[in-house]
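J.:
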Amino acid sequence: MEKDEQRHGMEPPSPWVQRWSHLVAPGGVVLDVACGHGRHARWFYERNHPLALVDRSQEAIESIATAIPSCDAVVADIENGPWPFAGRQFDAVVVTNYLWRPLLPTLLNSLAPGGVLIYETFTQGNETVGKPSRPDFLLRPGELLDLCRQLRIVAFEDGFQAGPQGQTPRYIQRIAAVRSMPSAKPPRYELP
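With our numbering, letter number 87 in the sequence shown gets 954, and the count goes up by one each step, no holes.
In structure tokens form, the structure reads like this:
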């Protein structure tokens, strides 16, 4: 892999995101949070999904907006500023290698009924093999399960992942979960 491709967001899409992306409704709008240089944005764009993207890096957002001009790409500091998508809901929210706990309720509220959360980031134990190592950036055991208790959990993993050749091993937690659709009213039958 060339040096430029090793920048955050230039590596191939996460296998976890690829594996569960079929849960997103065809043509559903995907929000990619802390999107970096758009590895997941490109994945969903190639599958005809409209995109909303947010990252604090102007350079990253500009690189994506050039490649995918129709996306809603926003430069924002989501840790210190207002949520740029207030009041909006999405058919999928995708987050990888990023954790800011105060934002987690906002991300869940950003899921439309039937919307899919695909989340993957580092967990406790990672401090023994590399970075991130600060507890603020590491999920606690089962934290994503607890966070998503109101959603339908489709898949969950929590543990050590030996790095493929040339990659650092890591401790990772990941979830794919779906917000339930509002229950349909039972049919109304009238008596004769």
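Don't be surprised by glycine CBs; every beta carbon is placed ideally from N, CA and C.
#1: Over the uninterrupted beta strand (DSSP E) stretch that includes valine 983, give me the two end residues.
#2: So what's alanine 892 in DSSP terms, helix, strand or just coil?
#3: Look up isoleucine 945 in the DSSP assignment and say whether it is helix, strand or coil.
#4: Please decide whether leucine 970 counts as near chain D, where near means a Cβ-Cβ distance under 8 Å.
#5: Look up arginine 968 in the DSSP assignment and say whether it is helix, strand or coil.
#6: Go through its chain and collect everything with a Cβ distance to glycine 1030's Cβ below 8 Å, but skip five positions before and after it.
#7: Secondary structure at valine 996, three-state DSSP: helix, strand or coil?
#8: Does the distance from the C-beta atom of tryptophan 967 to that of isoleucine 945 stay below 8 Å?
#9: Which residue's Cα is closest to the Cα of leucine 970: Val1021, Asn947, Arg906?
T.: On the basis of the supplied data:
#1: 978–989
#2: coil
#3: coil
#4: The question asks about chain D, but that chain is absent: this structure has only one protein chain.
#5: helix
#6: Pro1036, Arg1037
#7: coil
#8: yes
#9: Asn947
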